[in-house]
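Reviewing the structure listed below.
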């Protein structure tokens, strides 16, 4: 069977409708293989363990709840701001 040509789409919705009713194998000759090297990819965060007084952790959780954010995210924001502030003094 002859491979068909992939049209140019006006938007994502048009493309979605097109592929919902087509078999990709009819168009595969137009798609080029892409090689990806992900060996250097590293997670952007690293887990750490920190011991906090229960009262401090409780306070952080209450603040986070008031701000409607996860408490660990709030901790990251607080730490980030403080570290930036400290570096301004050097």
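Numbering (the working numbering), first residue to last: 8 to 97. Every residue, glycine too, gets a C-beta built ideally from N, C-alpha and C. Being a predicted model, the structure only gives us computed values, none of them experimental.
Three-state secondary structure (DSSP) of residue i
i	result
residue 12	coil
residue 53	coil
Closer than 8 Å to chain B by CB, residue i
i	result
residue 14	This model lacks chain B altogether, as it is built from one protein chain only.
Through-space distance from residue j to residue i, alpha-carbon basis
i	j	result
residue 86	residue 79	10 Å
residue 75	residue 59	21 Å
residue 68	residue 77	8 Å
residue 55	residue 61	17 Å
Residue range of the unbroken alpha helix (DSSP H) whose run includes residue i
i	result
residue 93	78 to 95
residue 20	19 to 27
residue 61	61 to 74
ask   = Do three or more CB pairs link the segment 26 to 43 to the segment 8 to 18 at distances below 8 Å?
value = yes
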